[in-house]
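> Before I ask anything, here is the structure I am working with.
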């Protein structure tokens, strides 16, 4: 165990490359999700694929949190005579090993060299497929977010309508009470007027 404050964020890169590493880590996080979803939906899903994705994502996420929150990375795992490492180094090493195992374990994997032109064409096709898949995923996310906002707006609108209706019901009940009280007052006034009309002739006779 050791306690080394790695200001540069990586022992393999100078301090001035810290900004480049930050941008790279910020890009790797969403790209790892896209590549993982593309691979599991178009190729296959396996234990090695899940471990590779989790290791790479957690490794870069932990490194990004350390650099942004503390300004440096704490290397606490001492490999005698070699280097000091942290969880990021361990996770990325595990992720790389899982990627290699998945490539070797997947049926139909061709490790032969078909020439520069064929390899470039295959790489271009792969990038195109991933880009199309990412665009579809982004479109689906936008639709889900929009539907969520619409549902939330409808809920607020229904809640507001319910509040307005409750206020209207309370106002109508209050008006009914006032009308009832006013009607009672009118009846009492009419009774008094009738009593006054009956008492007037008696007074004249007297």
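In the working numbering, the protein residues as written are 475 to 680. Built from N, CA and C at the ideal position, the CB exists for glycine as well. Because the structure is a prediction, the values reported are computed rather than measured.
(1) Kindly give me the distance between the Cβ atoms of residue 526 and residue 576, rounded to whole angstroms, as I take these residues to be in contact under 8 Å.
(2) What whole-angstrom Cβ distance do residue 513 and residue 523 have, given they're in contact under 8 Å?
(3) Rounded to the nearest angstrom, what separates residue 567 and residue 560 at their Cα positions?
(4) Using the Cα positions of residue 628 and residue 635, report the straight-line distance between them to the nearest angstrom.
(5) Sort 529, 516, 642, 505 by Cα distance to residue 571 and report the nearest one.
(6) Using beta-carbon positions only, say whether residue 511 and residue 611 come within less than 9 Å of one another.
(7) As a quick exercise: from 516, 493, 503, 565, pick the residue whose alpha carbon is nearest that of residue 541.
(8) Pick from 616, 604, 532: whose alpha carbon is nearest that of residue 516?
(9) Rounded C-beta distance between residue 537 and residue 547? I'm assuming under 8 Å.
(10) By the three-class DSSP mapping on this structure, what secondary structure does residue 520 have?
(11) According to the Cβ coordinates, are residue 520 and residue 580 closer than 9 Å?
(12) Rounded to whole angstroms, what is the Cα-Cα separation between residue 582 and residue 588?
(13) DSSP three-state label for residue 581, please.
(14) Quick check on this structure: which residue in 532, 544, 573 has the alpha carbon closest to the alpha carbon of residue 563?
(15) Helix, strand or coil for residue 533, going by three-state DSSP, please let me know.
(16) So, with DSSP's three-state summary, where would you put residue 589?
(17) Applying the criterion that 16 or more other CB atoms from any shown protein chain within 10 Å of the CB defines a buried residue, is residue 565 buried or exposed?
(18) Can you look up residue 560 in the DSSP assignment and give me helix, strand or coil?
(19) Would you kindly check if the distance between the Cβ of residue 508 and the Cβ of residue 642 is under 9 Å?
(20) Rounded to the nearest angstrom, what separates residue 624 and residue 617 at their Cα positions?
The short version:
(1) For this step, residue 526 is matched to residue 52 along the chain shown. For this step, residue 576 is matched to residue 102 along the chain shown. Yes, they are in contact, since the Cβ atoms of residue 526 and residue 576 sit about 6 Å apart, within 8 Å.
(2) Your numbering for residue 513 matches position 39 in the chain shown. Your numbering for residue 523 matches position 49 in the chain shown. About 6 Å separates the two Cβ atoms, so the contact holds.
(3) Taking the first residue of the chain shown as position 1, residue 567 is located at position 93. Taking the first residue of the chain shown as position 1, residue 560 is located at position 86. Their backbone Cα atoms lie some 11 Å apart in a straight line.
(4) Along the chain shown, read from residue 1 onward, the residue named residue 628 stands at position 154. Along the chain shown, read from residue 1 onward, the residue named residue 635 stands at position 161. Going by C-alpha positions, residue 628 is about 10 Å away from residue 635.
(5) The residue you call residue 571 lines up with position 97 of the chain shown. Residue 529 is the option with its Cα nearest to residue 571.
(6) In the chain shown, the residue the question calls residue 511 occupies position 37. In the chain shown, the residue the question calls residue 611 occupies position 137. Going by C-beta atoms, residue 511 is nearer than 9 Å to residue 611.
(7) Your numbering for residue 541 matches position 67 in the chain shown. Ranking the options by Cα distance to residue 541, first place goes to 493.
(8) Position 42 of the chain shown, counted from the start, is the residue given in the question as residue 516. Comparing Cα-Cα distances from residue 516 to each of 616, 604, 532, the minimum goes to 604.
(9) Looking up residue 537 in the chain shown gives position 63. Looking up residue 547 in the chain shown gives position 73. At roughly 6 Å, the Cβ-Cβ gap stays under 8 Å, so residue 537 and residue 547 are in contact.
(10) In the chain shown, residue 520 corresponds to position 46, counting from 1. Note: residue 520 maps to coil in three-state DSSP.
(11) Here residue 520 is taken as the residue at index 46 of the chain shown, counted from 1. Here residue 580 is taken as the residue at index 106 of the chain shown, counted from 1. Contact: yes.
(12) Looking up residue 582 in the chain shown gives position 108. Looking up residue 588 in the chain shown gives position 114. Taking the straight line joining both Cα atoms gives about 15 Å.
(13) Locating residue 581 in the chain shown gives position 107, counting from the first residue. Coil, per DSSP.
(14) As a first step, residue 563 must be located in the chain shown, where it is residue number 89. Among 532, 544, 573, the Cα nearest to that of residue 563 belongs to 532.
(15) Position 59 of the chain shown, counted from the first residue, corresponds to residue 533. Of the three classes helix, strand and coil, the one that applies to residue 533 here is helix, per DSSP.
(16) Translated into the one-based positions of the chain shown, residue 589 becomes position 115. Looking at residue 589 - three-state DSSP - the assignment turns out to be coil, as it is neither helix nor strand.
(17) For the purposes of this step, residue 565 is taken as the residue at position 91 of the chain shown. Looking at its Cβ environment, which holds 16 or more other Cβ atoms inside 10 Å, residue 565 is buried.
(18) Sequence index remark: in the chain shown, residue 560 carries index 86 (1-based). Coil.
(19) Within the chain shown, numbered from 1, the residue matching residue 642 stands at position 168. Within the chain shown, numbered from 1, the residue matching residue 508 stands at position 34. No, these two residues do not count as a Cβ contact at 9 Å.
(20) Here residue 624 is taken as the residue at index 150 of the chain shown, counted from 1. Here residue 617 is taken as the residue at index 143 of the chain shown, counted from 1. Whole-angstrom Cα-Cα distance: 10 Å.
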